[in-house]
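The structure appears below as C-alpha cells.
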Amino acid sequence: MKLSKEQVEEVAILARLSLSEDEVERYRVQLSAILGYIEKLQALDVTGVPPTVHAVDVDSTPLRPDVVQASLAPERALASAPARDGDLFLVPRIIE
Amino acid sequence: MNPTDLTLAELSARLESRDLSSTEVTRACLDRIRATDSALGAFLFVDEEGAMAQARAADERRAAGRSLGPLDGVPLALKDLFCTEGIPTTCGSRILEGFVPPYDSTHVRRLKEAGAVLLGKLNMDEFAMGSSNETSAFGPCRNPWDTARTPGGSSGGSAAAVAARQCFAALGTDTGGSIRQPASFSGVSGIKPTYGRCSRFGVVAFASSLDQVGPLGRTAEDCALVLQAIAGKDPMDSTSLDAEVPDWAAGTRGADVKGMRLGVPKEYFVEGLDPEVERAVREALRLLEEMGATLVPVSLPHTEYGIATYYVVAPAECSSNLARFDGVRYGMSSREEGALREMYFRTRAEGFGPEVKRRIMVGTYALSSGYYDAFYLRAQKVRTLIKRDFDEAFRQVDAIVTPTTPGVAFELGERSEDPLRMYLADTYTLACNLAGLPGMSVPCGFSTGGLPIGLQILGKPLDEATLFRVGGAYQAATDWHTRAPRIG
Chain A
168 MKLSKEQVEE VAILARLSLS EDEVERYRVQ LSAILGYIEK LQALDVTGVP PTVHAVDVDS
228 TPLRPDVVQA SLAPERALAS APARDGDLFL VPRIIE
Chain B
75 MNPTDLTLAE LSARLESRDL SSTEVTRACL DRIRATDSAL GAFLFVDEEG AMAQARAADE
135 RRAAGRSLGP LDGVPLALKD LFCTEGIPTT CGSRILEGFV PPYDSTHVRR LKEAGAVLLG
195 KLNMDEFAMG SSNETSAFGP CRNPWDTART PGGSSGGSAA AVAARQCFAA LGTDTGGSIR
255 QPASFSGVSG IKPTYGRCSR FGVVAFASSL DQVGPLGRTA EDCALVLQAI AGKDPMDSTS
315 LDAEVPDWAA GTRGADVKGM RLGVPKEYFV EGLDPEVERA VREALRLLEE MGATLVPVSL
375 PHTEYGIATY YVVAPAECSS NLARFDGVRY GMSSREEGAL REMYFRTRAE GFGPEVKRRI
435 MVGTYALSSG YYDAFYLRAQ KVRTLIKRDF DEAFRQVDAI VTPTTPGVAF ELGERSEDPL
495 RMYLADTYTL ACNLAGLPGM SVPCGFSTGG LPIGLQILGK PLDEATLFRV GGAYQAATDW
555 HTRAPRIG
C-alpha cells in the first residue's frame, strides 16, 4: 500500500497537525509500511462476524442515576488554563 | 539488610510488628532513588516532602493501633498518567508540561485511603504509546539489568523502579502489553486484570476499549495486595465491573497447581521466538507439570492477525481520545500568532512527539470517510475472531501459559526508527487486551547475557484468582523473582 504526499497532507489536516516537508515524507514512507502490514486483515473472511466494540458486555455496565452532584469548581477547572478571562477560557480570535 | 530489599508483603509484616517504621523505609526509598535514578531515569517527579508527611501519618496511625491495612505506610509510585491532585502529570508528553490535575484518579484516591505512601511519578512512553520507554519527551528510562537497554514500555519507569528497589510496587497501565512486557524485560511481576476490573477514571486515555490499570511488583503476592486495593466498581467509570474483589493475596500463599489444566498455544512457539526465551519458558512449563499441572496443547489460530488488528483499533481510538489536546484548557498552548485554527495545528505539532503523531495519523486515516469499513470495522470483526479463539481454548483449560515477549530487552535506539519492528515486541501480549482477558507476567529465568525472561499466564475473564494461584505456586518453587540487578 502506497500513500501519496497529498494523502498524508490531507490526513494531517483532519488530525489538526502541521507537518514539515520532512515529516510528510517520513510519515508517507512509514504509514505506507504500517498500512501495508494492516492489509493482511483483508485476507480473512469476516462474513457474518459481529464487531467487538468493547471487551465487556455493555449491558452489565449500566449508567449511574442522572442526579445532580458536586462538580469541579470553576477556579479549579481553570487553574491550568493557558489563558483565561475571569471564569472563561480565553482562545485566540475565531473569525478571521 | 537494606529495607528496600524486602518484598511488599515482608515490609507490611514488619510495619505491622513495628520492627520498621514507614518513615525509615520511605527515607530508604528516597535515598535509593537519589543514588540510582541518575543512571535509570525512572522518576519524572519525586514528591519527597509529601511522601515523608504520608509516612509520618502512617506511623502515627500504627502507633495508635489504627492501621489502615497491609498498604499502610508502604512506599509506592505511579506511572505518570494517573492524575494526582496538586502534583504534575505529564503522560511523558510536552503537551501536558505544566499540567497540575485538579483531582486524583480513583486508584490514587483508593491507595491514599489504604494509607500508601506515594513517592512520585514514573517515566513512560509518551501517552503510553511505545514498547521501550524511548518515546518519552523527558528522555528514556533504562533497564536496571543493563543500562544500555530498554526496561520495556510503555510502563518502563514502573518496571525499572520496582526492579531497582526504588519502591515496593508501582501502578502501570496496559493497552497492548504495557505492564507485562516491561515486567518481563525488567525481571519483575505484573498483572493486567480483566478489562473493567479497575476504573479508568483519572487515567489519561489512550485506547479506551483496551486500556486497563494494574500493578507491577516483586512477586505475585505483592501485585495482589496492590490490585485488591484499587480494583472494583467505580461510579465514575461505567465500564468498571460490579464484580466482587476477592482476597487474591491470600490465594497466592500456599498455592498449588495440582490438577490444573494449562494450555500451551502452538502459535506462540514459532519462528521469531528467541531460543533462550523458549528454553526458559519450556523449563517453567516442565516445572509446573512436575508440580501437578497438566499441559494441554491448544490453538489460537488468529494469533497472526493480532498485531494488525491492534494497530487499527488502538490508533483509531487514540486519534479520537487525543483530539482533546487543543491548547485551550490545560497544558501547552502555542498561540503566539494566528487565530484559533493555527493554535490547534501548532500546539499539537509542537506538543506531540513522532510516535504519537504517527499513531494519530494512522488512526485518523483508518477512521476517515471511505476507509472506516475496510479498516476499523474489519479490525473489530477480527477482534471477535481473536476473542472466540480464547473462548474455545478456555473450554479445555484453566489458564494459558506462553512467553511474555519473543525476546529479551533490546538496546536503546535499536528499533526506534522502525515502528513495525518495535510493534513486534507486543506480539504475545496484545491479544489479551483485544479479548479483555487478565494476563500476568512473572520472571522465569535469564538469558546467558544476564537479561530477565518472563512467563505469561492468561486467564478467563474475571479469573485473576487462577493467575495469582499459578504465579504464587511458581514463585514458591523458584527464586528468579528474588534476584536483584546490581545498580547503585
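Chains as they are written, first to last, in our numbering: chain A, 168 to 263; chain B, 75 to 562.
The beta-carbon is built from N, C-alpha and C at its ideal position, and this holds for glycine as well.
Cβ of residue i within 8 angstroms of Cβ of residue j?
i      : j      : result
B:T163 : B:F173 : yes
B:G147 : B:S205 : no
B:R239 : B:T78  : yes
B:G325 : B:G546 : yes
B:W554 : B:P493 : no
B:A358 : B:Y497 : no
B:T313 : B:P535 : no
B:A281 : B:V387 : yes
B:L152 : B:A244 : yes
B:T224 : B:G230 : yes
A:L198 : B:F419 : no
B:A294 : B:G519 : no
B:L315 : B:S232 : no
B:M406 : B:E171 : yes
What residues are listed by DSSP as bridge partners for residue i?
i      : result
B:A473 : B:L336, B:G533
B:P149 : B:V191
B:K266 : B:G513
B:T158 : B:I161
B:V370 : B:G337
B:E350 : In DSSP, B:E350 forms no bridge with anything.
B:N217 : B:D220
B:F259 : Note: B:F259 sits in no beta bridge, so no partner.
A:Q174 : According to DSSP, A:Q174 bridges with nothing at all.
B:P526 : B:F520
B:G288 : B:G246
A:D252 : A:L255
B:E485 : B:R223
Please report the Cβ distance between residue i and residue j, rounded to the nearest whole angstrom; I am assuming they are in contact, meaning their Cβ atoms lie under 8 angstroms.
i      : j      : result
B:V471 : B:R254 : 19 angstroms between Cβ atoms; not a contact.
B:Y404 : A:S247 : 4 angstroms
B:L299 : B:A83  : 6 angstroms
B:R457 : B:L508 : 5 angstroms
B:A116 : B:A190 : In fact, because the Cβ distance is near 18 angstroms, the residues do not count as touching under 8 angstroms.
B:F201 : B:V430 : 5 angstroms
B:G437 : B:P389 : 3 angstroms
B:I265 : B:G288 : 5 angstroms
B:S273 : A:A222 : Between A:A222 and B:S273 the Cβ distance is about 15 angstroms, and since that is not below 8 angstroms, they are no contact.
B:L150 : B:F212 : With 8 angstroms as the limit, B:L150 and B:F212 do not qualify as a contact, their Cβ atoms being about 21 angstroms apart.
B:S141 : B:E90  : 7 angstroms
B:G366 : B:G333 : 6 angstroms
Using a 10 Å radius around the Cβ and a threshold of 16 neighbouring Cβ atoms, would you call residue i buried or exposed?
i      : result
B:Y446 : exposed
A:L257 : exposed
A:Q236 : exposed
A:A182 : buried
B:G226 : buried
B:N76  : exposed
B:P309 : exposed
B:S515 : buried
A:V220 : exposed
B:S86  : buried
B:S167 : buried
B:T556 : exposed
B:K455 : buried
B:S393 : buried
A:P249 : buried
B:D500 : buried
B:D467 : Sequence inspection shows Ala at residue 467 of chain B; the Asp mentioned does not correspond to that position. The residue is buried, with at least 16 neighbouring Cβ atoms inside 10 Å.
B:Q530 : buried
B:L362 : buried
A:Q209 : exposed
B:M435 : buried
B:R108 : exposed
B:S373 : exposed
Using a Cβ cut-off of 8 angstroms (strictly closer), state whether residue i contacts chain C.
i      : result
B:E416 : This model lacks chain C altogether, as its protein chains are A and B.
Proximal residues, the region 246 to 258 of chain A versus chain B, C-beta separation under 8 angstroms: A246, S247, A248, P249, A250, F256, V258
Near-chain B residues of the region 184 to 196 of chain A (beta-carbon distance less than 9 angstroms), N- to C-terminal order: L184, S185, L186, S187, E190, R193, Y194
Proximal residues, the region 458 to 492 of chain B versus chain A, C-beta separation under 7 angstroms: T458, L459, K461
Within 8 angstroms of chain B by C-beta, residues of the region 210 to 223 of chain A in sequence order: L211, V213, V216, P217, P218, T219, V220, H221, A222, V223
Near-chain A residues of the region 296 to 310 of chain B - C-beta to any C-beta below 8 angstroms: P309
Chain-ordered residues of the region 169 to 185 of chain A with a beta carbon less than 9 angstroms from chain B: L170, Q174, V175, E177, V178, A179, I180, L181, A182, R183, L184, S185
Interface positions of the region 231 to 242 of chain A facing chain B (Cβ-Cβ less than 7 angstroms), listed along the chain: R231, L239
The region 361 to 393 of chain B: positions lying closer than 7 angstroms to chain A by Cβ: Y379, A382, T383, Y385, V386, S393
Short-range partners of chain A found in the region 334 to 348 of chain B, where Cβ spacing is below 7 angstroms: Those would be none; no residue qualifies.
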